[in-house]
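Undergrad: Can you keep this structure in mind? I'll have questions shortly.
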């Protein structure tokens, strides 16, 4: 199996503001978000980073997407270092999170062309790709409708399609179904399954067991910024993913929940 | 190519949204309507009459008379026989000014001289001085203008065009830049659309320039709208004819334009940097308003302290205000304009660099 993502000792710490210290009733000035995280994902698979809120999943994915720099360690996506070649990494990844939005004023057609240009995709290739993706996901009928007037489901489809405008090798999704209603969540899970069918490598973070069970080939469990366990879904789930996760969690954290 | 796409997006966003265009151009219309209304009230049925003592002769006199008559006012030229008596009349507000031309003034030889003694305490005296000096500046400034204001000189005793206009220009640029930049940078950050662009492979520097270049052009349009509003309302508001603006040489216009061109990107990048740092449009608006007030106060102070040292050229924005004042007063402040513009552009580059750093900061871009 060909390694497409390799994280090597990724580390990220944040300074806590006085306000944060007061809210969390702590005297510590620095917080370790990711603590020497190493894992590998292979080409063509869906790799899930599973963990509770605050475990460091989002920070890890943001480091992989080169939105923030790690304090230590490195990661390689299709051989490109996130520390030394962030521009190249951004060219080969598609990144989706609920925090990334599309400007409501523009149409899907305009945004597809704009983000295509942002990734340096040629106009001929872009036109073909737009036709193919818009038709495949039923966006073509809404191509000229401003994004702010689209339904939530259609908006999600447009966001997903635009995140892969440049045909990325690796697709990173941070909490892909978080905060979505059941219908829109289904749009996302179907989209992920479709991408996998297209041979794409996908890395997603979630705290939803059913999503991991439904989609992931391999899983890495993160607790307190460290990789607690890694393996195929069968190896990690050991029959029941939820039960295995809580057993692991209690082994590491004791009774603290 | 990526920078071009970013620039085109900003222009597309602005020129395809009537709401934004109206927001940008409305201040000019409002200024025109408001100033004209104030002028109508102030000068309703008021016809000014100038009594000016004249010594020597020049074709300029006819031009001054024409401008005054076009403004709907009257002028009476009186031969200067006893200067002391004429000065007393000015002090007692019975005469407006004394205009003295040297012999063969129209030949504009090396000994060409002109003197204006005017009543600095009356509207008539100030307006006459403003009109006459502007027309004289237009003749070419190869001769010195000896000016003297007598009477109880008000703060507005200096030529208000040259002292107030630069401050007005900076304030127009600032408010125009504020209205588009806050929405485009702080607004996009707040809505999460800026982060979507950061995930692409476009360089942070291009993303910053992709904002500053188009927003500077748009801000110029907005400032121009406000400026036209003021220029058109000037005859009603101050009793100053539009012809006053035509009294400057091409070089003067060019120097003022250079000062403005150097100031706009600086103000836009300053607002853009503050917007990037802020969490919302509201927060950014608060910070930028403070900066705007500070700039206005400093610009206003320079209007009444004309003799500032050369050190002013090193102070961003202020250098442009002082250089414009100098040019509009009839001087050709070439080095001040060029050095000041260079310094302003240098600060712009610095702010673009700051923005690129801010775009890479987790705390700034994704901090709660």
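Residue numbers (the working numbering), protein chains in the order written: chain Y, -19 to 237; chain G, 381 to 748.
Even glycine gets a Cβ: it sits at the ideal position worked out from N, Cα and C.
This one's a predicted model, so the numbers in the text were calculated from it and none came from an experiment.
#1: Within the stretch 85 to 109 of chain Y, note down every full alpha helix (DSSP H) run reaching 4 residues or more, in order along the chain.
#2: Given that residue 444 of chain G touches chain Y, what residues does it touch there, using C-beta distances under 9 angstroms?
#3: Taking the alpha carbon of residue 35 of chain Y as the point to measure from, which residue in Y/11, Y/129, Y/167 has its own alpha carbon closest?
#4: With distances taken between CB atoms, is the gap from residue 605 of chain G to residue 560 of chain G smaller than 8 angstroms?
#5: Using a C-beta to C-beta distance shorter than 9 angstroms, which residues of chain Y count as neighbours of residue 742 of chain G?
#6: How is residue 695 of chain G classed by DSSP in three states: helix, strand or coil?
#7: Just grab the DSSP bridge partners of residue 54 of chain Y for me.
#8: What are the boundary residues of the beta strand (DSSP E) that residue 480 of chain G is part of?
#9: For residue 58 of chain Y, tell me which candidate among Y/176, Y/-13, Y/126, Y/158 has the shortest Cα-Cα distance.
#10: Are residue 655 of chain G and residue 592 of chain G close, meaning C-beta to C-beta below 8 angstroms?
#11: Quick one, are the C-beta atoms of residue 596 of chain G and residue 668 of chain G less than 8 angstroms apart?
#12: Could you tell me which of Y/139, Y/22, Y/173, Y/-2 sits nearest to residue 579 of chain G, measuring between CA atoms?
#13: Nearest to residue 383 of chain G by CA position, among G/581, G/483, G/551, G/436, is which residue?
#14: Give the straight-line distance between the Cα atoms of residue 565 of chain G and residue 603 of chain G, rounded to the nearest whole angstrom.
#15: Could you run through the stretch 713 to 726 of chain G and flag, in chain order, every residue whose CB is less than 7 angstroms away from some CB of chain Y?
#16: Any residues in the stretch 561 to 592 of chain G with a beta carbon nearer than 8 angstroms to a beta carbon of chain Y? Which ones, in chain order?
#17: How about residue 728 of chain G and residue 585 of chain G: are their beta carbons less than 8 angstroms apart?
#18: Cβ closer than 9 angstroms: which chain Y residues qualify as neighbours of residue 652 of chain G?
#19: Rounded to the nearest angstrom, what separates residue -11 of chain Y and residue 29 of chain Y at their Cα positions?
#20: Leaving out the 5 sequence neighbours to the left and right, which residues in its chain are closer than 8 angstroms to residue 530 of chain G when beta-carbon positions are compared?
#21: Do the CB positions of residue 87 of chain Y and residue 125 of chain Y come within less than 8 angstroms of each other?
#22: Taking C-alpha atoms, which residue in Y/2, Y/118, Y/50, Y/159 lies nearest to residue 17 of chain Y?
#23: Please check if any C-beta of chain Y sits within less than 8 angstroms of the C-beta of residue 397 of chain G.
#24: So does the stretch 112 to 132 of chain Y actually touch the stretch 56 to 70 of chain Y, counting three or more Cβ pairs closer than 8 angstroms?
#25: So is residue 230 of chain Y in contact with chain G if we call contact Cβ pairs under 8 angstroms?
#26: For residue 664 of chain G, does the three-state DSSP call read helix, strand or coil?
#27: Check for me: the beta strand (DSSP E) holding residue 119 of chain Y runs from which residue to which?
#28: Answer with yes or no whether the minimum CB distance from residue 100 of chain Y to chain G is below 8 angstroms.
#29: Would you say residue 149 of chain Y reaches chain G, if we count a Cβ-Cβ gap shorter than 8 angstroms as a contact?
#30: If you run the structure through DSSP and keep just helix, strand and coil, what is residue 392 of chain G?
#31: Could you pull out every unbroken alpha helix (DSSP H) segment of at least 4 residues lying fully inside the stretch 132 to 159 of chain Y, listed in chain order?
#32: Quick one: grab the DSSP three-state call for residue 10 of chain Y.
#33: With a 10 Å radius around its C-beta and 16 neighbouring C-beta atoms as the bar for buried, classify residue 486 of chain G as buried or exposed.
#34: Have a look at the DSSP bridge pairing and note the partners of residue 201 of chain Y.
#35: With a cut-off of 8 angstroms, does the C-beta of residue 537 of chain G fall near any C-beta of chain Y?
TA: Let's see:
#1: DSSP runs (the alpha helix (DSSP H)) wholly in the stretch 85 to 109 of chain Y: 88 to 98.
#2: Chain-ordered listing is empty here: chain Y has no CB closer than 9 angstroms to the CB of residue 444 of chain G, the nearest sitting near 53 angstroms.
#3: Of all alpha-carbon atoms in Y/11, Y/129, Y/167, the one lying nearest the alpha-carbon of residue 35 of chain Y is that of Y/11.
#4: Not in contact: residue 605 of chain G and residue 560 of chain G (Cβ atoms no closer than 8 angstroms).
#5: The answer, in chain order, is -8, -6, 39, 42, 47, 48, 49.
#6: Looking at residue 695 of chain G - three-state DSSP - the assignment turns out to be coil, as it is neither helix nor strand.
#7: Listed as beta-bridge partners of residue 54 of chain Y by DSSP are Y/-12.
#8: DSSP places residue 480 of chain G inside the beta strand (DSSP E), whose first and last residues are 477 to 481.
#9: Among Y/176, Y/-13, Y/126, Y/158, the Cα nearest to that of residue 58 of chain Y is on Y/-13.
#10: It is not a contact, given that the beta carbons lie outside the stated cut-off.
#11: Contact flag unset, no.
#12: The shortest Cα separation from residue 579 of chain G among Y/139, Y/22, Y/173, Y/-2 belongs to Y/139.
#13: Considering only alpha carbons, the answer is G/581.
#14: Spanning the alpha carbons of residue 565 of chain G and residue 603 of chain G requires a straight line of approximately 19 angstroms.
#15: Cβ contacts with chain Y come from no residue of the stretch 713 to 726 of chain G.
#16: Listed in chain order, the positions of the stretch 561 to 592 of chain G with a beta carbon within less than 8 angstroms of a beta carbon of chain Y are 568, 571, 572, 573, 575, 576, 577, 578, 579, 580, 581, 582, 583.
#17: Their beta carbons are not under 8 angstroms apart, which means residue 728 of chain G does not touch residue 585 of chain G by this criterion.
#18: Simply none; closest approach about 17 angstroms.
#19: The straight-line gap from Cα to Cα measures roughly 16 angstroms.
#20: Non-local C-beta neighbours of residue 530 of chain G in its own chain, meaning closer than 8 angstroms and more than five positions away in sequence, comprise 467, 470, 471, 497, 498, 499, 500, ordered along the chain.
#21: In this structure, residue 125 of chain Y lies closer than 8 angstroms to residue 87 of chain Y by Cβ.
#22: Closest by alpha carbon: Y/50.
#23: Closer than 8 angstroms: yes.
#24: Judged by Cβ distances under 8 angstroms, the stretch 112 to 132 of chain Y makes no contact with the stretch 56 to 70 of chain Y, as fewer than three pairs qualify.
#25: By this cut-off, residue 230 of chain Y is not an interface position.
#26: Correct three-state label for residue 664 of chain G: helix.
#27: Counted as a single uninterrupted DSSP element, the stretch harbouring residue 119 of chain Y is not any beta strand (DSSP E), since DSSP gives it neither H nor E.
#28: Closer than 8 angstroms to some Cβ of chain G, the Cβ of residue 100 of chain Y qualifies, so yes.
#29: For residue 149 of chain Y, not one C-beta of chain G is nearer than 8 angstroms to its own C-beta.
#30: DSSP places residue 392 of chain G in helix when its eight states are reduced to three.
#31: As far as the stretch 132 to 159 of chain Y is concerned, its whole alpha helix (DSSP H) runs of at least 4 residues are 132 to 143.
#32: DSSP places residue 10 of chain Y in strand when its eight states are reduced to three.
#33: Counting Cβ neighbours within 10 Å, residue 486 of chain G comes out exposed, since fewer than 16 surround it.
#34: Beta-bridge pairing links residue 201 of chain Y to Y/30, Y/209.
#35: Its pLDDT being 39, under 50, residue 537 of chain G is placed unreliably by the model, and nothing is read from it.
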